[in-house]
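Read top to bottom, the protein sequences are chains A and B. Sequence positions in the first sequence follow our numbering and run 14 to 299. Sequence positions in the second sequence follow our numbering and run 5 to 164. Ideal Cβ placement from N, Cα and C applies to all residues, glycine included.
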Amino acid sequence: MRYLVAKDSREAVALLNTGEDARLLAGGTDVLVRMKLEGKTPDLLIDIKEISGFSDITTENGGFRIGAAVSGAEMGEHAALKAMWPGVVEAVELIGSTQVQGRATMVGNLCNGSPAADSVPAMMAAGAMARIEGPAGTRDVLVADLLEGPGKTKLGKAELVSSVFLPAGLPKAGDAYLRFIPRTEMDIAVASAAVSLVLDDNNTVAEASVVLGAVARTAVFVPNAAAALVGSKLEPEALSACAAACAAACSPIDDRRGTIEFRTKIAGVMATRAAKIAFRRAGGKL
Amino acid sequence: MSKIHVTTQVNGDAVEFLCAPDETLLDVLRDRLNLTGAKEGCGTGDCGACSVTIDGRLVASCLVLGAEVEGSAIETVEGIGTADALHPLQRHLLEHAALQCGICTPGIVVAAKALLLQNPDPSEEETRYWLAGNLCRCTGYDKIIRAVLSAASELRGENA
Numbered sequence: 014m015r016y017l018v019a020k021d022s023r024e025a026v027a028l029l030n031t032g033e034d035a036r037l038l039a040g041g042t043d044v045l046v047r048m049k050l051e052g053k054t055p056d057l058l059i060d061i062k063e064i065s066g067f068s069d070i071t072t073e074n075g076g077f078r079i080g081a082a083v084s085g086a087e088m089g090e091h092a093a094l095k096a097m098w099p100g101v102v103e104a105v106e107l108i109g110s111t112q113v114q115g116r117a118t119m120v121g122n123l124c125n126g127s128p129a130a131d132s133v134p135a136m137m138a139a140g141a142m143a144r145i146e147g148p149a150g151t152r153d154v155l156v157a158d159l160l161e162g163p164g165k166t167k168l169g170k171a172e173l174v175s176s177v178f179l180p181a182g183l184p185k186a187g188d189a190y191l192r193f194i195p196r197t198e199m200d201i202a203v204a205s206a207a208v209s210l211v212l213d214d215n216n217t218v219a220e221a222s223v224v225l226g227a228v229a230r231t232a233v234f235v236p237n238a239a240a241a242l243v244g245s246k247l248e249p250e251a252l253s254a255c256a257a258a259c260a261a262a263c264s265p266i267d268d269r270r271g272t273i274e275f276r277t278k279i280a281g282v283m284a285t286r287a288a289k290i291a292f293r294r295a296g297g298k299l
Numbered sequence: 005m006s007k008i009h010v011t012t013q014v015n016g017d018a019v020e021f022l023c024a025p026d027e028t029l030l031d032v033l034r035d036r037l038n039l040t041g042a043k044e045g046c047g048t049g050d051c052g053a054c055s056v057t058i059d060g061r062l063v064a065s066c067l068v069l070g071a072e073v074e075g076s077a078i079e080t081v082e083g084i085g086t087a088d089a090l091h092p093l094q095r096h097l098l099e100h101a102a103l104q105c106g107i108c109t110p111g112i113v114v115a116a117k118a119l120l121l122q123n124p125d126p127s128e129e130e131t132r133y134w135l136a137g138n139l140c141r142c143t144g145y146d147k148i149i150r151a152v153l154s155a156a157s158e159l160r161g162e163n164a
């Protein structure tokens, strides 16, 4: 294996495009684990941490652009980012231990392609855009449109995600992310939910987005669950309808960590609890 | 496989080493620099026994390549306290009998020191969450948490 430090994204793309088995290295908390567990190394490992902007959180159009090499710990320490998108930051901060947080990146979590990736439902609910650099230049796509299936994204040959953009938060808006794991820390979601809400002047839900993780081949929007919340103040009927819509949207795997029946039930529980947190963060009272 | 030349700082000393491209920082520390305080428990970032800091940031050194630390400042457990003058964390871990086999202890010391630098007065809950990635199969954690909290108290200048 060769290890190279890319100076800019053009060089990283060119290195990805040589035909060698090449992988990108940012935090390394997935790629290095896979090298170890699978016992095989790529021909080329391209470190992207030195690329200008990749390690930065910058304000843009009232929102935030988060570089591909920004660690979870850095996001958690960014007060303004946390104030605008607390659900996204709390989702990122759930990934792994303090030690993993020191290195793991949100973009890596996205590109790793796990259906249980914690940050992905939260990014989707926030309307996050991924910036992609590739041989044909730069393009921006919704994070939701990058998902393909377990371990797969829709990134093309020699493309990389250089940053994720979180749009400006609205004044009466809030987001939240919750996951179920069988213990308190250091585990992978059995089912998870992200909810993003915008309230009107009467604290009625005007806009909603509900996204489930770990219950399908990718994280999924549940439009019917969002529709159940719109026009409500999260009354019990609205929350039950939201949970029922979540259950209907689940097509989870059955494994030792959670049965199909359990994942399907708990997804709605996570969504309604996350909705309540998002509602309070948006200024609503329950 | 050609070796990579890396210049870095370890516990305040300038250090140079050659390493293979796929060699972890943990292997560099243990096998090339003879700093065997960091332990390999799992090798996959799950156990925390290899904890070190890079530029003040707590990481698992088994999930860092040696080649990545060019120009960085690394602190390992060897840089914390001496045999004659233990760091308060080390002393309180001993006083609370917060170790048995000791494999996790260097990682606990490094991780707890990083916590107290960032938050000199952590709650028990904050301490437990911070150290959740430092696995210990002997103590059941209670003694470790109490030792860290009493060391924090001493470091704040309170009577422990």
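Residue interval of the alpha helix (DSSP H) (run including residue i)
| i | result |
| --- | --- |
| His96 of chain B | 92-99 |
| Arg132 of chain B | 128-134 |
| Gly121 of chain A | 119-124 |
| Ile194 of chain A | Segment: none, Ile194 of chain A is in no alpha helix (DSSP H) and carries neither H nor E. |
| Glu24 of chain A | 22-29 |
| Ser132 of chain A | 132-138 |
| Gly226 of chain A | Run containing Gly226 of chain A: none in the alpha helix (DSSP H); it sits in the beta strand (DSSP E), 218-226. |
| Thr285 of chain A | 273-294 |
| Ala240 of chain A | 236-242 |
Same chain, Cβ closer than 6 Å to residue i, five either side skipped, listed in chain order
| i | result |
| --- | --- |
| Gly271 of chain A | Val203 |
| His100 of chain B | Lys147, Arg150, Ala151 |
| Arg78 of chain A | Thr71, Ser176, Phe178 |
| Asp69 of chain A | Gly80 |
| Glu172 of chain A | Ile145, Gly147 |
| Leu183 of chain A | Val211 |
| Cys46 of chain B | none |
| Leu252 of chain A | Thr285 |
| Ser222 of chain A | Ala138, Ser209, Ala239 |
| Asp60 of chain A | Val18, Leu38 |
| Thr42 of chain A | Val113, Arg116, Ala117 |
| Ala258 of chain A | Val235, Asn237, Ala238, Ala241 |
Best match in the options for proximity to residue i [C-alpha to C-alpha]
| i | options | result |
| --- | --- | --- |
| Gly75 of chain B | B:Leu159, B:Thr40, B:Phe21, B:Gly144 | B:Phe21 |
| Ala227 of chain A | A:Leu183, A:Arg294, A:Asp131, A:Thr217 | A:Asp131 |
| Leu120 of chain B | B:Ser154, B:Ala42, B:Gly83 | B:Ser154 |
| Gln104 of chain B | B:Asn123, B:Ala77, B:Glu129, B:Leu139 | B:Leu139 |
| Glu82 of chain B | B:Val73, B:Thr109, B:Val10 | B:Thr109 |
| Lys117 of chain B | B:Gln94, B:Gly106, B:Glu129 | B:Gln94 |
| Gly281 of chain A | A:Arg15, A:Arg269, A:Leu242, A:Val174 | A:Leu242 |
| Ser110 of chain A | B:Arg61, B:Gly85, B:Ala87, B:Pro124 | B:Arg61 |
| Thr54 of chain A | A:Tyr16, A:Ala27, A:Gly89 | A:Tyr16 |
| Lys95 of chain A | A:Lys170, A:Asp188, A:Asp56 | A:Asp188 |
| Leu39 of chain B | B:Val19, B:Pro25, B:Cys51 | B:Val19 |
| Ala24 of chain B | B:Ala77, B:Asp35, B:Val14 | B:Asp35 |
| Ala186 of chain A | A:Gly121, A:Ala219, A:Glu198 | A:Ala219 |
| Glu198 of chain A | B:Ala136, B:Arg160, B:Gly161, B:Ala156 | B:Ala136 |
| Asn215 of chain A | A:Met136, A:Ala295, A:Pro249, A:Pro180 | A:Ala295 |
| Glu73 of chain A | A:Met283, A:Leu168, A:Ala141, A:Pro265 | A:Ala141 |
| Gly33 of chain B | B:Ser127, B:Leu97, B:Asp50, B:Thr57 | Here residue 33 of chain B is Leu; the residue named in the question, Gly, does not match the sequence. Closest by alpha carbon: B:Thr57. |
| Glu79 of chain B | B:Arg160, B:Gly111, B:Pro126, B:Asp88 | B:Gly111 |
Range covered by the beta strand (DSSP E) that runs through residue i
| i | result |
| --- | --- |
| Met142 of chain A | 142-147 |
| Glu161 of chain A | 160-162 |
| Asp146 of chain B | From DSSP, Asp146 of chain B is part of no beta strand (DSSP E) but of the alpha helix (DSSP H) over 146-159. |
| Leu94 of chain A | Element bounds for Leu94 of chain A: not the beta strand (DSSP E) but the alpha helix (DSSP H), 92-97. |
| Gly85 of chain A | Per DSSP, Gly85 of chain A belongs to no beta strand (DSSP E); it is in the alpha helix (DSSP H), 85-89. |
| Ile58 of chain B | 55-58 |
| Val113 of chain B | Element bounds for Val113 of chain B: not the beta strand (DSSP E) but the alpha helix (DSSP H), 109-122. |
| Glu73 of chain A | 70-73 |
Residue i - partner residues in DSSP beta bridges
| i | result |
| --- | --- |
| Ala18 of chain B | B:Gln13 |
| Leu168 of chain A | Leu168 of chain A pairs with nothing; no bridge assigned. |
| Asp267 of chain A | For Asp267 of chain A, which the question treats as bridged, DSSP gives no partner whatsoever. |
| Glu103 of chain A | Paired residue(s): none; Glu103 of chain A is not in a bridge. |
| Asp6 of chain A | Given a span of 14 to 299 for chain A in the structure shown, any question on residue 6 of chain A remains unanswerable. |
| Ala261 of chain A | DSSP, once it has assigned bridges, lists no residue as partnering Ala261 of chain A. |
| Ser176 of chain A | A:Gly80, A:Arg144 |
| Leu252 of chain A | The partner list for Leu252 of chain A (beta bridge, DSSP) is empty, contrary to what the question assumes. |
| Arg61 of chain B | B:Ile58 |
| Ile78 of chain B | B:Val14, B:Ile58 |
7 Å CB neighbourhood of residue i in its chain, flanking five on each side removed
| i | result |
| --- | --- |
| Thr28 of chain B | Ser65, Cys66, Val68, Leu69, Gly70 |
| Asn123 of chain B | Glu130 |
| Ala287 of chain A | Ala189, Tyr190, Leu191, Ala206, Ala207, Val208 |
| Leu107 of chain A | Asp131, Arg192 |
| Thr143 of chain B | Ala102, Leu103, Gln104 |
Other residues of its chain near residue i: CB distance less than 8 Å, five sequence neighbours each side excluded
| i | result |
| --- | --- |
| Pro134 of chain A | Ala104, Tyr190, Ser205, Ala206, Ala207, Val224, Leu225, Gly226, Ala232 |
(Q) For the pair the region 123-130 of chain A and the region 215-232 of chain A, tell me if three or more CB-CB distances fall below 8 Å. (A) yes
Q. So, do the region 188-208 of chain A and the region 46-53 of chain A have three or more beta carbon pairs nearer to each other than 8 Å?
A. no
(Q) Check whether the region 154-161 of chain A and the region 84-100 of chain A touch, using three or more Cβ-Cβ pairs below 8 Å as the test. (A) no
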